[in-house]
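Peer 1:
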DNA sequence: TTTTGAGTTGTTCGA
DNA sequence: GTCGAACAACTCAAA
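Residue numbers (the working numbering): 363 to 818.
1. Is residue 369 helix, strand or coil by DSSP?
2. Give the range of the alpha helix (DSSP H) segment to which residue 478 is assigned.
3. Where does residue 705 fall in DSSP's three states?
4. Can you grab the Cα-Cα spacing for the pair residue 722 / residue 785, in whole Å?
5. Which same chain residues, not among the five before or five after residue 635, have their C-beta less than 7 Å away from its C-beta?
6. Indicate the three-state DSSP secondary structure (helix, strand or coil) for residue 622 in the structure shown.
7. Counting C-beta neighbours from all protein chains within 10 Å, is the total for residue 737 16 or more, i.e. buried, or is it exposed?
8. So, do the stretch 558-573 and the stretch 453-467 have three or more beta carbon pairs nearer to each other than 8 Å?
9. Looking at C-alpha atoms only, which residue of 670, 418, 503, 511 is the closest neighbour of residue 545?
10. Could you tell me which residues DSSP puts in a beta bridge with residue 393?
11. In the DSSP assignment, find the alpha helix (DSSP H) that holds residue 436 and state where it starts and stops.
12. Under the three-state reduction of DSSP, which class applies to residue 429: helix, strand or coil?
13. Go through its chain and collect everything with a Cβ distance to residue 720's Cβ below 6 Å, but skip five positions before and after it.
14. Cα separation between residue 429 and residue 788?
15. Suppose you measure from the CA of residue 537 to the CA of residue 687; what does that come to, to the nearest Å?
16. So who's on the other strand from residue 449, going by DSSP bridges?
17. Can you give the Cα-Cα distance for residue 742 and residue 624, rounded to whole angstroms?
18. Is the stretch 758-765 touching the stretch 673-688, taking contact as three or more C-beta pairs under 8 Å?
19. By a C-beta neighbour count over all protein chains shown, 10 Å radius and 16 as the cutoff for buried, is residue 530 buried or exposed?
20. Measure the CB-CB distance between residue 657 and residue 704 and report whether it falls below 9 Å.
21. Taking all protein chains shown into account, decide if residue 693 is buried (16 or more other Cβ within 10 angstroms of its Cβ) or exposed.
22. Quick check on the DSSP output: what are the complete alpha helix (DSSP H) runs of length 4 or more inside the stretch 496-554, in order along the chain?
23. Roughly how many angstroms separate the alpha carbons of residue 374 and residue 434, rounded to a whole number?
24. Mind reading off the beta-carbon distance from residue 671 to residue 749? Whole number of angstroms is fine, and I expect it under 8 Å.
25. At which residues does the alpha helix (DSSP H) containing residue 693 begin and terminate?
26. Rounded to the nearest angstrom, what separates residue 534 and residue 416 at their Cα positions?
27. Could you name the residues of the same chain whose beta carbon sits closer than 8 Å to that of residue 739, not counting the 5 residues immediately before and after it, in chain order?
28. Quick one: give me the first and last residue of the alpha helix (DSSP H) that residue 467 is part of.
29. Please classify residue 617: is it buried, with 16 or more other beta-carbons within 10 angstroms of its beta-carbon, or exposed?
30. Tell whether a beta-carbon distance below 9 Å holds between residue 347 and residue 712.
31. Got a sec? Which residues, its chain only, sit under 8 Å from residue 699 by beta carbon, not counting five neighbours each side?
32. Which term fits residue 556, buried or exposed, when burial requires 16 or more other beta carbons within 10 angstroms of its beta carbon?
33. Does DSSP classify residue 659 as helix, strand or coil?
34. I believe residue 367 touches residue 437 by the beta-carbon criterion, under 8 Å. Please report the beta-carbon distance rounded to the nearest angstrom.
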C-alpha cells in the first residue's frame with residue numbers, strides 16, 4: 363500500500379471532500395496542516411481556525427500533523443519521511459492561494475513529488491460559469507441563472523481511510539474556551555446546518571435581514587474554513603424542494619433565497635478569479651479618481667464602535683467580541699465608513715478581514731465594493747444608507763443595539779437608536795455622534811458629482 | 001450591430 | 001402619518 367499526503371487548508375472536513383477521496387484511493391494517508399503565515403508561532407492565528415484544526419485532528423484520530431513554517435519545505439520533508447510521491451489538495455481560487463500552489467508545486471516537483479488538485483471550496487469552480495461568448499459575468503442575476511443551470515455534483519462519499527501515524531507534529535496551543543456562537547469543526551457545522559433546516563430556514567427570506575432575531579444560518583465561518591461544503595447544503599436544499607416545500611414546511615422562496623446567498627459567494631469568487639487586482643482596488647477604473655479622506659481618528663472611532671451611531675457601533679462591537687457581524691449591519695457599518703467618513707473602502711475591508719472568522723477575501727472585498735459603488739453592481743449613486751433609519755427598520759425594538767451597547771440599555775424600544783433625542787440618552791457615557799449624517803451624505807454626493815465631471 | 005430591458009439590500013421630499 | 005415620485009447615467013446581458 364502506498365502513502366499519500368493530504369494537505370488540508372481551507373477544507374477542514376472529511377465528508378464531501380473529493381481531494382481526500384483522491385488521496386485515499388489505494389493509499390494510506392498522512393493528513394497535514396501548515397500554519398504558513400505564523401512561522402514562528404509569535405503572531406498567533408485566529409482562535410477559531412486553531413479550534414477547527416484541533417477538531418480535525420480529533421476526527422483523524424490524532425494523526426493530523428500540524429506544523430508552523432514554509433509549506434513547500436515541510437511538505438517536502440514529510441513526503442520523503444513517509445515515502446509519498448503525491449500531495450493532495452483542493453484548489454484555492456484566491457490570488458494568494460494560487461500563488462502559493464504554484465510555488466509549492468514547483469518546489470515539490472524538483473523532488474519528484476506531484477501536487478494533485480481535486481475540487482475546490484465551491485459548488486462550481488470559479489471561472490467555469492461564463493456567458494455564451496465565453497466572457498465572465500459582471501452582474502449577479504444572470505450569473506445566478508447560469509450557475510444554477512450549470513449544476514453541480516452530488517456530495518462525495520467519505521472514503522474509509524487508514525491514517526499514517528507516528529509522524530512528529532508541532533504543538534497546537536488551543537484557545538482556552540470555545541466560543542458558544544461558532545463552535546468549531548465539521549460535526550458542529552453539520553449539526554448547525556440541520557438545526558437551521560429544521561428551524562430558521564422557514565421564513566429565512568425575510569428574517570435573515572433582522573440582526574435582532576439572529577435567524578441566519580451562521581454557517582459563513584464553517585464555509586470559509588471548509589468545515590462543510592456548499593455542495594452538501596445545495597444537495598439538502600434540492601431535496602427539500604423536491605419533497606415539496608409544504609411537506610417540509612418551508613416556502614420555496616426561503617430555499618431559493620438561501621441558494622442565492624450561496625451563489626453570491628460563488629459569484630464573488632468568480633469575479634476575483636477573473637480580476638485578481640479587485641481584492642484591494644476599485645474594480646471600476648473610473649472610480650479610482652474618487653477623493654477620499656485619511657482620517658486616523660475617525661477610522662479608529664469606527665473600528666472601536668465609538669461613532670455615536672448606535673446601529674453602527676453595535677455591529678462593530680459584535681465584530682470585536684464574536685469575530686462575526688450580521689450581514690445587514692455589515693452593510694450599514696461599511697456604508698458609514700465610506701459615505702459618512704469618506705474613507706476608501708480597502709481600509710475597512712482590511713479591518714473586517716482581520717477580525718471576521720468568516721473573512722473570505724472575495725466576498726469581503728467585493729461586498730465592500732458593492733457598498734462603495736466601485737464594484738460589480740451599477741448601483742444608483744444616491745443609495746446611501748441612513749444608519750439611524752436602517753437601525754429602526756431592521757432592529758425595530760432596539761434589542762440588537764442594547765445587546766452590544768451597554769451605555770444604551772436604559773433606553774427602551776427604538777429610543778436606543780436615537781439617544782440624542784432623549785433627556786437621559788447620553789447620561790451613561792454613550793458618545794455624541796462624530797459626524798452629521800445629513801451633511802456627510804451631501805458631501806458624498808458632491809464627491810460623486812466631481813467624479814462624474816472628471817470622467818467627462 | 002443595435003436595441004431593449006434590467007440591475008440585492010435606499011432615502012428624501014412633498015402632496 | 002402615508003405614499004409615490006424623483007434621484008443619473010451607465011453597464012451588462014441577451015435577443
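We treat Cβ as the ideally placed atom computed from N, Cα and C, and that holds for glycine. Just so you know, these numbers come straight off a predicted model, no measurement behind them.
Peer 2: In short:
1. strand
2. That residue, residue 478, is in no alpha helix (DSSP H); its beta strand (DSSP E) goes 476-482.
3. coil
4. 43 Å
5. 455, 488, 489
6. helix
7. buried
8. no
9. 418
10. 368
11. 433-444
12. strand
13. 582, 583, 586
14. 50 Å
15. 21 Å
16. 367, 477
17. 24 Å
18. yes
19. exposed
20. yes
21. buried
22. 502-512
23. 19 Å
24. 4 Å
25. 689-697
26. 8 Å
27. 501, 502, 732
28. 457-471
29. buried
30. The first residue shown for the chain is 363 and the last is 818, placing residue 347 beyond what the model contains.
31. 661, 664, 705, 707, 709, 710
32. exposed
33. helix
34. 6 Å
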